[in-house]
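> The structure follows.
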Amino acid sequence: NGIGPKKTIQAGLDITPIYRTCYVAPGIYSEQIRMPGGVTLAGAGAEATIIDGGNQRGNIVTILDCNGAPTVVRGFTIRNGSCYGDNAGIRIQNSSNVLIRNNVITANRADGIRVYSASARILNNTIAGNGRNGIMAHGTASLEAVNNIIADNVFMWPAGCEFGWGLYCTDWAVVSSSHNDVWGNNNNYWAETEGNCSTGAGDLSADPIFVDPLNDFHLREGSPCIDAGIYVGLKYHGEAPDMGAFEYRK
Numbered sequence: 002n003g004i005g006p007k008k009t010i011q012a013g014l015d016i017t018p019i020y021r022t023c024y025v026a027p028g029i030y031s032e033q034i035r036m037p038g039g040v041t042l043a044g045a046g047a048e049a050t051i052i053d054g055g056n057q058r059g060n061i062v063t064i065l066d067c068n069g070a071p072t073v074v075r076g077f078t079i080r081n082g083s084c085y086g087d088n089a090g091i092r093i094q095n096s097s098n099v100l101i102r103n104n105v106i107t108a109n110r111a112d113g114i115r116v117y118s119a120s121a122r123i124l125n126n127t128i129a130g131n132g133r134n135g136i137m138a139h140g141t142a143s144l145e146a147v148n149n150i151i152a153d154n155v156f157m158w159p160a161g162c163e164f165g166w167g168l169y170c171t172d173w174a175v176v177s178s179s180h181n182d183v184w185g186n187n188n189n190y191w192a193e194t195e196g197n198c199s200t201g202a203g204d205l206s207a208d209p210i211f212v213d214p215l216n217d218f219h220l221r222e223g224s225p226c227i228d229a230g231i232y233v234g235l236k237y238h239g240e241a242p243d244m245g246a247f248e249y250r251k
């Protein structure tokens, strides 16, 4: 951001002015962070820049009361969030103009992304292998979810529990879903109360065919997610954008 390097992500964010970007070098960062409003947090790519919550109580990334200028998180793997209460890999609350893109959100013991009474765009992420829901929206949340892979989010508690949804909306939350692959969750879509969450245009429910479904979320040749996305202003390779955090390359 032109100010100089810091030892932790949070220390860098704390001195990043509004409308500026905090760039994070490759590495594993064991911390929980809170985003300031109007700042972009940019990793060096999800395969290279990892925020590890260490299964400690709390959200790994918190976006709270961020309104006005865009608040952006891109280019990270966000993993090992705790299973306590309503914790998540990313929690967005009472915020607007939020963009979450090109991240891998995995191995969180609760929700991958949890949104409460906030608006956000969730684009080209891989949200896989979390212990509860891929994306949970409640309150008056309003989300646009496009070009994501939301797979293998399976509730870790006893069999028969109703949780472990790919996209889960409650209260008055609305998720506009388009060109996502929602597959292999306990259940893929669920809406209750006045929530609105269902299959949208271009959505798939098919095995995304990862290189390694536990450790490497790049797509293999033959994946149904290749060229199955829609243009959202991001660079892509091939005939059309791919779903998920990584563009397929031969």
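Per this note's numbering, residue 2 is the first one in the sequence shown, and the count goes up by one each step.
Every residue, glycine too, gets a C-beta built ideally from N, C-alpha and C.
Every value quoted in this text rests on a predicted model; they were computed, and no experiment measured them.
Measuring CB to CB, does ALA108 end up less than 9 Å from GLY76?
no
> Are the beta-carbon atoms belonging to VAL99 and ALA121 less than 9 Å from one another?
yes
> Give a yes or no on whether the C-beta atoms belonging to PRO209 and ASP228 are separated by under 9 Å.
no
> State buried or exposed for ASP112, treating a residue as buried only when at least 16 other CB atoms are found within 10 Å of its CB.
Burial is judged here by how many other beta carbons sit within 10 angstroms of a residue's own beta carbon; ASP112 has at least 16 and is buried.
> Quick check on the burial criterion: 16 or more other C-beta atoms within 10 angstroms. Buried or exposed for THR1?
Nothing in the structure corresponds to residue 1, since the chain is present only between 2 and 251.
> Tell me where the alpha helix (DSSP H) around GLN270 begins and ends.
Past the boundaries of the shown model lies residue 270; the chain is included only from 2 to 251, so the question cannot be answered.
> Just tell me which of VAL25, GLY28, THR41 and SER83 has its CA closest to the CA of ILE19.
THR41
> Would you kindly check if the distance between the Cβ of ASP172 and the Cβ of MET244 is under 9 Å?
no
> List the residues that DSSP assigns as beta-bridge partners of VAL74.
LEU42 and ILE101
> Could you say which of ALA192, VAL73, ARG21 and THR22 lies nearest to LEU124 if we only look at CA atoms?
Comparing Cα positions, the closest option is VAL73.
> Check each candidate in ASN197, ARG58 and GLY39 and name the one with the smallest Cα separation from THR17.
GLY39
> Name the residue from ALA49, ASP87, THR50 and MET36 whose alpha carbon lies nearest to the alpha carbon of GLY59.
Closest option to GLY59, Cα to Cα, is ASP87.
> Give the straight-line distance between the Cα atoms of ALA12 and THR22, rounded to the nearest whole angstrom.
13 Å
> What residues in its chain sit with their C-beta under 8 Å from that of GLY239, if we drop five residues either side in the sequence?
ILE227, ASP228, GLU248 and TYR249
> If we call anything under 9 Å between Cβ atoms a contact, is ILE114 one with GLY132?
No; because the gap between Cβ atoms is not below 9 Å, this pair is not in contact.
> Since GLU145 is in the beta strand (DSSP E), which residue starts that stretch and which ends it?
143-147
> Under 6 Å Cβ to Cβ from ASP153, same chain only, skipping five residues before and after it: list those, please.
ALA129, GLY130 and GLY185
> With distances taken from CA atoms, which of TYR117, GLY223 and ASN148 is nearest ILE66?
The question names Ile, but residue 66 in the sequence shown is Asp. Ranking TYR117, GLY223 and ASN148 by Cα distance to ASP66 puts TYR117 first.
> Cβ of ILE51 within 9 Å of Cβ of ARG92?
no
> Please go through the region 176-248 and give each complete beta strand (DSSP E) segment of 3 or more residues, from N-terminal end onward.
As far as the region 176-248 is concerned, its whole beta strand (DSSP E) runs of at least 3 residues are 182-184, 188-192, 211-213 and 217-220.
> Can you tell me the Cα-Cα spacing of GLY167 and GLY46, whole angstroms?
24 Å
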